Amino acid sequence: MATPLSAAKTLSVLKAEGLTVHEHEGWRTHNRDAATGRKFGPVIGVLIHHTAGHNDRELCFNGRADLPGPLCHAWLGKTAGLWLLGHGRANHAGAVDLDVMNALRAEKALPHDNDANADGNDLLYGLEIENLGNGKDPYPDAQYRQAVLWAAALCRAHGWTEKSVAGHKEVQPGKIDPSFDMDDFRADVRRQLASEPVGKKAGSAAKKPGSAARSGRAAKPRVDLSRLVTAAKTDPGARQGHVTYMAGTNLTEAALVQLGYLDRTFAGDGSFGSTTVAAYAKWQRHLGYSGADADGVPGKITLSALGDRTGLFSVVA
Ligand SMILES: [Zn+2]
1 MATPLSAAKT
11 LSVLKAEGLT
21 VHEHEGWRTH
31 NRDAATGRKF
41 GPVIGVLIHH
51 TAGHNDRELC
61 FNGRADLPGP
71 LCHAWLGKTA
81 GLWLLGHGRA
91 NHAGAVDLDV
101 MNALRAEKAL
111 PHDNDANADG
121 NDLLYGLEIE
131 NLGNGKDPYP
141 DAQYRQAVLW
151 AAALCRAHGW
161 TEKSVAGHKE
171 VQPGKIDPSF
181 DMDDFRADVR
191 RQLASEPVGK
201 KAGSAAKKPG
211 SAARSGRAAK
221 PRVDLSRLVT
231 AAKTDPGARQ
241 GHVTYMAGTN
251 LTEAALVQLG
261 YLDRTFAGDG
271 SFGSTTVAAY
281 AKWQRHLGYS
291 GADADGVPGK
301 ITLSALGDRT
311 GLFSVVA
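All residue numbers in the sequence shown are consecutive under the UniProt record's numbering, ending with 317.
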């Protein structure tokens, strides 16, 4: 729990971490506090998103008809650099899982996000990374590196570890952003926190992103085959909406949607239900399997092929 950084302090800690910071006109007073009658903070962590689009800085500043801006505190362009868009409450996290918030606050391992029963916009700083999020749109090294520096700067300022960093997909049911592995991202934040921020080194010019000890490259999220198999065997027979393996199921469903095997309306609730099993069986038949080999329960070869074809994930067995 911590008091949110002032606008001036935010700017200074980001620069001290080695970032070049762009300021959108009006960002210091752009927030949702007055409109909602709620105050931003106390803050407990930082949240990472992908925008699922391109050239969306102004969209993130202004918001949409159904969701007023700012949609994040900072927007990170593919090549346009880091932009501060808001200060205060921002519409980025939405309704999140209270158990996950409590774990984040305590810097413990995050439980599965099966509820949407807390207001994440009160509690979390948000970064939107410009990326289609389809698993094929690359995160340039320099962009990914700036995301690590942004998260590290805020954690360092609050005395948090990398365990105060989460991805949207880890806190809100149904979300799949960001489309890189958050354990890898947290490891990169940990490495950055272990190093001295460049701004502290007297006389040294700010390093360019990517020149630090380890140049980050966004790795794909991983789906654990054995956990997914358990989900495919458990969820259809359990009560409606039973969730065994939220993250892996959502990624698998997103891939099946992308390839046209599953209707979007059935994806994203984290439950590997009978509709998902039927869709997966279609994918297995597409690959030439039949009978018991096309029963809708994922296997190593078909799941790896699904992750490769869509670019959405890799498989660990
Ligand atoms: Zn998001």
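Just so it is clear, CB atoms sit at the ideal spot from N, CA and C, and this is done for glycine as well. Values in this document were obtained by computation on a predicted structure and should not be read as measured data.
| Asked | Found |
| --- | --- |
| C-beta contact flag for D177 and H50 at 8 Å | yes |
| D181 CB to nearest heavy atom of ligand 1 below 7 Å | no |
| Contact between the segment 120 to 132 and the segment 69 to 86 (3+ Cβ pairs under 8 Å) | yes |
| Ligand 1 heavy atom lying under 7 Å from the CB of residue 344 | Nothing can be reported for residue 344, as the shown portion of the chain is limited to 1 through 317. |
| beta-carbon K136 near ligand 1 non-hydrogen atom, thresh 7 Å | no |
| Cβ neighbour criterion (16 or more within 10 Å) applied to D66 | exposed |
| Chain-ordered residues, beta carbon under 5 Å from a heavy atom of ligand 1 | H49, H168 and D177 |
| Three-state secondary structure assigned by DSSP to R190 | helix |
| Separation of I48 from F180, as counted between CA atoms | 10 Å |
| Q240, buried or exposed, once every other Cβ within 10 Å from all chains shown has been counted against 16 | exposed |
| According to DSSP, residues forming a beta bridge with R64 | L67 |
| D122 vs R89 beta-carbon contact at 8 Å | yes |
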